[in-house]
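For reference, the structure is listed below as structure tokens.
Here it is in structure tokens:
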């Protein structure tokens, strides 16, 4: 087990109807003025935003709404939200939404006390101060409700970049699975995919085995897979929705990575699939991150598994109860390929695409993706196996 | 999945040689004066206390040592430590030891700002203030390094009682598995037993199933069992020691109970085995808590499993890969009994006792245990199945 530092201080307030608790929770942090950020209006239509506003009113927390945060949130929106927060003199940023809204809220929260341009933080500047962040999660997927991660796009530069820091983990996250009863099947599926990939990025970090952490990883995946299927069949199945929501959080608050990182202060995993996918959704913001991952991760797995077949066989056994029929190389390959097939077929069974063609992408797009990939990741990246731009090209092309 | 509130804010600093980081970690909390509490002197003999002192000196943290905390710590020691902390004007309590020392440190930390007698907190008084707590863990077992629990004995009243509160979870816990290389086999075994029981108390809470949490529970047990065996064979096996140490923490920081509690603000589980065992070690402080649990939990399981055979079959499958040979009642009973046997045999394989006779206890002692059990728990207690004093007597007697 490698050395690690783990701190997940967020207060998770999880249960039926708990949306109405957000006001009391925000007030308990000491905050008096909340900027309430949200997305494209579904929280208005479903009444969630009104419930949040009523709850804040009841708790005596002043608030101003700031809507319109797009999927794959863009730095110009963050810049505008920072101005709005300053004008309102917000002392807390409250996200009502999924990962895009929460990431925009995080960026706003650490942008407010900073004198320079907020994009500096994705160019190496250290985050030294941050307003407290709260959230009411509506889309379980990105895990931003508990994570130290914040991903923002920059359209002008054609970049989508992540920054990590314990300083901007949410102070409190209200997790109310009932809010997700109305989530469309595609969003449900993309969310489940995203959380499974968050776990896999850590599980296949190239470090280990780490029995405690590995069993948490495979146990989370075994729990969430049938819940995903069930939630698409019966959108108001509370236990399925609750299983998905709690998995979303644990997939990305780093409990699934303890002891699997090459450095105690960095996140476990090489994040190869995320790196590869980010370029696709950066160039085409209509691509849902989870759907991109459903295509890319199996392609990455097929390309790299020979680097450490034992690791893939452990995954095969613990997630799918697949074992090689004998010790020969061919049987190992069969077992690993069957495992990757099972995982990909599961994503497809939820309604996720199988190839990049589903996004109207064509092989000629790959050059542009590789250009920004190299800008973001350098000439080589990855933990399980180092990938250069030729490897990345091969993985992209194999996914068409 | 039942509603829950989960917050485990402790900063876990986990790794080889990390004992020497404690000074910097304490200083980072803002503390300037630490009362350093420890136990019977093993931390003096091994040099751990000197390393902690040097690390505090280097970080500019003033400190005073307060040793002699006994196993099953007693309230009079806590009262004296509170006076010492006040005289020293400590602004942080640092435990260097196992669960007994950490629990005594917690009690000292919330006793210092309280005007009345600290025992009031085990008689229903609410804890409103608490000094920050740090620890360097030397005995992985009780999970106090991450838990909201504090158990103290009162010899005068023949009581051993626990109190729970998020307010006294440690701010920072340094987990250095190398410190446990010198832990005697009996302590190692009792610790592994204690953590497995912490998980089982939650798993058999009578609420559920909760797939995410259940898979975490069974995954932790599967990880720690071979590590326990290995650590006794090869005391300096780092990965085994690390697996044990991290399991200790996760077994009791409540991640293994989310969604399994009958109330969102209380801990999951009925804590029947702990309730039953506490009377044994309260009346005979020479009994190591984990060793008492190794005897009591299997006895409790054999007494109650018919209340919910499906729950025990899920445990059988996920921990031991045991399944009934057919659907008949006899096959179910065989599978469950075989599972309890496997668990008990595992404890015995580590060197734990199988019966209460190992503690020089005799059936005539049971009356005295029941008297204080009823004082502590009332006429009925438990979550998986309600137990009255006749049930408790039957379980005790079955364990001779």
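Chains as they are written, first to last, in this note's numbering: chain A, 1423 to 1822; chain B, 1423 to 1822. Note that CB positions come from ideal geometry on N, CA and C, so glycine has one too.
By a beta-carbon distance limit of 8 Å, residue 1524(A) contacts residue 1566(A). Their separation comes to about 4 Å. Residue ranges of uninterrupted alpha helix (DSSP H) with 4 or more members, entirely inside the segment 1682-1717 of chain A and ordered along the chain, are 1694-1705.
Residue 1774(A) is positioned such that its CB atom lies no closer than 8 Å to that of residue 1738(A).
Per the C-alpha coordinates, the member of 1660(B), 1571(B), 1587(B) and 1591(B) positioned closest to residue 1620(B) is 1571(B). A Cβ of chain A is located within less than 8 Å of the beta carbon of residue 1637(B). At a cut-off of 8 Å between C-beta atoms, residue 1677(A) counts as an interface residue with respect to chain B. Annotation for residue 1732(B): the continuous alpha helix (DSSP H) segment containing it runs 1731-1737. Here residue 1614(A) has 1646, 1650, 1666 and 1772 as same chain residues with Cβ atoms under 7 Å from its own Cβ, once five neighbours each way along the sequence are excluded.
No Cβ of chain B is located within less than 8 Å of the beta carbon of residue 1652(A). Excluding its 5 nearest sequence neighbours in each direction, residue 1608(A) has C-beta neighbours in its own chain below 8 Å: 1710, 1713 and 1773, listed in chain order.
As DSSP reads the structure, residue 1455(B) sits in a beta bridge with 1484(B). When 7 Å is used as the limit between beta carbons, residue 1661(A) is near these residues of chain B: 1423, in chain order. Excluding its 5 nearest sequence neighbours in each direction, residue 1811(A) has C-beta neighbours in its own chain below 8 Å: 1792, 1795, 1796 and 1801, listed in chain order. In the DSSP assignment, residue 1624(B) falls within the unbroken alpha helix (DSSP H) covering 1607-1625. Residue pairing of residue 1519(A) in beta bridges, as defined by DSSP: 1559(A).
Chain A places a beta carbon closer than 8 Å to that of residue 1633(B), counting this residue as a contact.
Of all alpha-carbon atoms in 1528(B), 1798(B) and 1731(B), the one lying nearest the alpha-carbon of residue 1546(B) is that of 1798(B). Leaving aside the five residues that flank residue 1639(A) on each side, the residues in its chain whose CB is nearer than 6 Å to its CB run, in chain order, 1621, 1625 and 1678. Exposed is the label assigned to residue 1745(B), since fewer than 16 other Cβ atoms lie within 10 Å of its Cβ. Excluding sequence positions up to five before and after residue 1549(B), its CB lies within less than 6 Å of the CB of 1532, 1543, 1587 and 1589, all in the same chain and listed in chain order. Interface annotation, residue 1686(B): in contact with chain A, CB-CB separation under 8 Å. Under the Cβ distance rule, residue 1552(B) does not count among the residues neighbouring chain A, no pair being separated by less than 8 Å. Against chain B, the beta carbon of residue 1710(A) has no neighbour under 9 Å; the closest one sits roughly 24 Å away. No Cβ-Cβ contact shorter than 8 Å links residue 1564(A) with residue 1432(A). Of the candidates 1509(A), 1460(A) and 1805(A), 1805(A) places its Cα closest to the Cα of residue 1623(A).
In this structure, residue 1484(A) sits near residue 1455(A), with a CB-CB distance shorter than 8 Å. Taking a beta-carbon distance threshold of 8 Å, residue 1435(B) counts as an interface residue toward chain A.
Residue 1727(A) sits away from residue 1747(A), with the two beta carbons spaced by 8 Å or more. Residue environment analysis places residue 1602(B) among the buried positions, since at least 16 neighbouring C-beta atoms fall within 10 angstroms of its C-beta. Legend: CB atoms of the segment 1576-1608 of chain B lying less than 7 Å from CB atoms of chain A are not found in any residue. Using a CB distance cut-off of 8 Å, residue 1642(B) counts as an interface residue toward chain A. Interface annotation for the segment 1465-1493 of chain A against chain B: empty, criterion Cβ-Cβ distance under 8 Å.
DSSP places residue 1665(A) in the helix class (H, G or I) of the three-state scheme. Residue 1522(A) is a Cβ neighbour of residue 1491(A), given a cutoff of 8 Å.
Rounded to the nearest whole angstrom, the C-alpha separation of residue 1518(B) and residue 1553(A) is 35 Å.
Distance check between residue 1576(A) and each of 1599(A), 1612(A), 1560(A) and 1529(A) places 1529(A) closest, using alpha-carbon atoms only.
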